[in-house]
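Trainee: The structure follows.
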Amino acid sequence: MTSTFLKKAFDPLGLTVDDDAGQIFVTSGTGVVGFRVAMGLLDAGYKHVRVGIWKGKRQIGVDNSIGQKVLDVLEEKGATVIAYDWTNEEDYQMALAGVNTVFCTIPHMHASLDIFTKFLAACKKLGVEHFVKISFYEMPGDPYSKTVPFVQFQRQCDELITKNTLTTRMTYTVLGASHQMSSPLIHQGPVFRDEDETANRYVTASYAMGVNYISPNDIAKAAIVTIVNRKKHRNKTYNLSGPGPITDKEVCKHLSKFYDKKIRHVPVGYNDIVEDLQKRGFEKWLVKDLAEFEKVKASGVEEYSSAYPKDFELLAGRKPETFDVYLANKGSMTLQENPDSAPTHVEL
Numbered sequence: 001m002t003s004t005f006l007k008k009a010f011d012p013l014g015l016t017v018d019d020d021a022g023q024i025f026v027t028s029g030t031g032v033v034g035f036r037v038a039m040g041l042l043d044a045g046y047k048h049v050r051v052g053i054w055k056g057k058r059q060i061g062v063d064n065s066i067g068q069k070v071l072d073v074l075e076e077k078g079a080t081v082i083a084y085d086w087t088n089e090e091d092y093q094m095a096l097a098g099v100n101t102v103f104c105t106i107p108h109m110h111a112s113l114d115i116f117t118k119f120l121a122a123c124k125k126l127g128v129e130h131f132v133k134i135s136f137y138e139m140p141g142d143p144y145s146k147t148v149p150f151v152q153f154q155r156q157c158d159e160l161i162t163k164n165t166l167t168t169r170m171t172y173t174v175l176g177a178s179h180q181m182s183s184p185l186i187h188q189g190p191v192f193r194d195e196d197e198t199a200n201r202y203v204t205a206s207y208a209m210g211v212n213y214i215s216p217n218d219i220a221k222a223a224i225v226t227i228v229n230r231k232k233h234r235n236k237t238y239n240l241s242g243p244g245p246i247t248d249k250e251v252c253k254h255l256s257k258f259y260d261k262k263i264r265h266v267p268v269g270y271n272d273i274v275e276d277l278q279k280r281g282f283e284k285w286l287v288k289d290l291a292e293f294e295k296v297k298a299s300g301v302e303e304y305s306s307a308y309p310k311d312f313e314l315l316a317g318r319k320p321e322t323f324d325v326y327l328a329n330k331g332s333m334t335l336q337e338n339p340d341s342a343p344t345h346v347e348l
């Protein structure tokens with residue numbers, strides 16, 4: 001079942017590749033991590049990759065045409081692509097039939113624990129053997145991330161997964177990741193691309209504190225390792241972080257270079273970031289999530305070395321990417337990150 005190419009791809013890390021990884025279902029082919037995982041497996045020569053393309057109503061304003069473009073890229077690479085809706089239980093049978101391994105990235109949507117509970121039950125019923133899920137990372141002594149509704153939801157899902165091992169043979173790996181470097185491109189990208197240069201501004205409420213940003217390339221790399229080498233990583237939780245704290249002022253400089261235009265950094269307070277998000281038309285629940293994430297950044301907890309565990313280096317055998325390296329790798333970006341160019345390959 002496992003190709004020679006895939007084994008060679010992981011030989012430098014001294015990893016074995018489980019022959020029983022089997023059919024892999026990636027829940028979100030349009031997501032920044034899900035797409036990279038699917039492409040990474042396909043580029044390495046793995047032939048048994050099924051990918052779900054979200055067919056429900058998109059809740060963060062993503063152009064629905066992206067789904068068709070992603071489908072074309074993945075099918076050309078050899079994936080089996082299906083239309084998939086998290087909220088429709090009838091889709092679970094089609095998505096999970098014959099699947100050994102699930103890679104789950106729950107979309108940033110108005111979260112429902114009930115939906116995830118039903119999906120997890122379907123995985124158990126249909127014989128899924130290993131479940132790999134992305135979550136938000138945990139920092140020692142951090143009381144702030146608990147105020148983010150999306151983080152609360154993720155942690156509840158993680159708890160369901162870990163408890164599931166008491167009643168089923170399905171194993172799990174949870175990958176808690178810090179703030180993704182792709183977030184400014186997705187949530188503020190339309191502002192950065194505006195032809196009116198007076199509108200090109202990067203609005204943050206992190207109060208000049210260092211932020212723990214991680215590249216989606218790194219998250220995908222860690223995910224692939226745990227998917228193809230599940231025996232070593234079963235029933236474990238890892239916390240993935242970036243290379244070190246970076247201020248949003250520095251991030252703004254990298255964004256200016258990426259977009260080839262001057263982008264102004266506009267630091268504001270919490271109430272002002274809420275107002276800015278509302279003006280950009282985000283739904284109420286998403287405004288709450290994004291604003292509360294800014295509180296986490298402003299708390300300063302990510303300036304401490306304890307916020308940067310070595311789990312990623314343990315899994316991937318290299319140091320995390322810096323922000324400039326992530327932005328330079330345009331060929332690996334999804335259409336959500338860079339709508340002007342379709343992805344061609346993935347470098348992890």
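For the sequence shown, position 315 matches number 315 in the working numbering, and the numbering has no gaps at all. The C-beta atom is built at its ideal place from N, Cα and C for all residues, glycine as well.
So, at 7 Å on beta carbons, what are the nonlocal neighbours of A83 in its own chain, with the 5 sequence-adjacent residues on each side left out?
Mentor: The answer, listed in chain order, is I53, K55.
Trainee: Check S135 in the structure and name its three-state DSSP category.
Mentor: If DSSP states are grouped into helix, strand and coil, S135 belongs with the strands.
Trainee: Do you know offhand how far H179's Cα is from Q93's?
Mentor: The alpha-carbon atoms of H179 and Q93 are separated by roughly 33 Å.
Trainee: Cβ atoms of Y238 and A223: under 8 Å apart, would you say?
Mentor: The answer is no: Cβ separation not under 8 Å.
Trainee: Could you tell me which of L277, F131, K69 sits nearest to H233, measuring between CA atoms?
Mentor: If we check each option's Cα against that of H233, F131 comes out closest.
Trainee: Return the chain-ordered ranges of every beta strand (DSSP E) run that is complete within the stretch 50 to 123 and spans a minimum of 3 residues.
Mentor: Complete beta strand (DSSP E) runs here, min 3: 80 to 84, 101 to 104.
Trainee: Is R318 buried or exposed, if buried means 16 or more other CB atoms sit within 10 Å of its CB?
Mentor: That one is exposed.
Trainee: So I186 packs on E337, CB below 8 Å; how close in whole Å?
Mentor: With a Cβ gap of about 6 Å, I186 and E337 count as contacting.
Trainee: Report, in whole angstroms, the separation of the C-beta atoms of Y172 and N100, which I expect to be a contact under 8 Å.
Mentor: The Cβ separation is near 14 Å, so there is no contact.
Trainee: What is the DSSP secondary structure of S3, reduced to helix, strand or coil?
Mentor: Reliability of the predicted coordinates at S3 is poor, the pLDDT of 46 falling under 50, and the value obtained from them is presented with this limitation in mind. If DSSP states are grouped into helix, strand and coil, S3 belongs with coil.
Trainee: Have a look at I227, G331, K253, G210 and flag the residue whose alpha-carbon is nearest the alpha-carbon of E302.
Mentor: Of I227, G331, K253, G210, the residue nearest in Cα terms is G210.
Trainee: State yes or no: is the C-beta of R155 within less than 8 Å of the C-beta of L348?
Mentor: Cβ atoms of R155 and L348: not closer than 8 Å.
Trainee: Taking buried to mean at least 16 other C-beta atoms within 10 Å of its own C-beta, is T334 buried or exposed?
Mentor: With 16 or more Cβ atoms within 10 Å of its Cβ, T334 is classed as buried.
Trainee: Check whether the stretch 240 to 258 and the stretch 314 to 329 are in contact - that is, three or more C-beta pairs closer than 8 Å.
Mentor: Touching, yes, given that three or more Cβ pairs across the two stretches are closer than 8 Å.
Trainee: Taking the alpha-carbon positions, what's the V228 to V26 distance?
Mentor: Approximately 13 Å between the Cα atoms of the pair.
Trainee: Using a Cβ cut-off of 8 Å (strictly closer), state whether D248 contacts chain D.
Mentor: Among the chains of the structure shown, chain D does not appear; only one protein chain is present.
Trainee: Could you check whether L126 and L160 sit closer than 8 Å to each other, using their CB atoms as the reference points?
Mentor: Not closer than 8 Å, so no.
Trainee: So K231 is in the alpha helix (DSSP H); what residue range does that whole segment cover?
Mentor: K231 -> alpha helix (DSSP H) spans 230 to 233.
Trainee: Quick check: the stretch 286 to 296 against the stretch 138 to 150, are there 3 or more CB pairs under 8 Å?
Mentor: The stretch 286 to 296, when compared against the stretch 138 to 150, does touch it at the 8 Å Cβ threshold.
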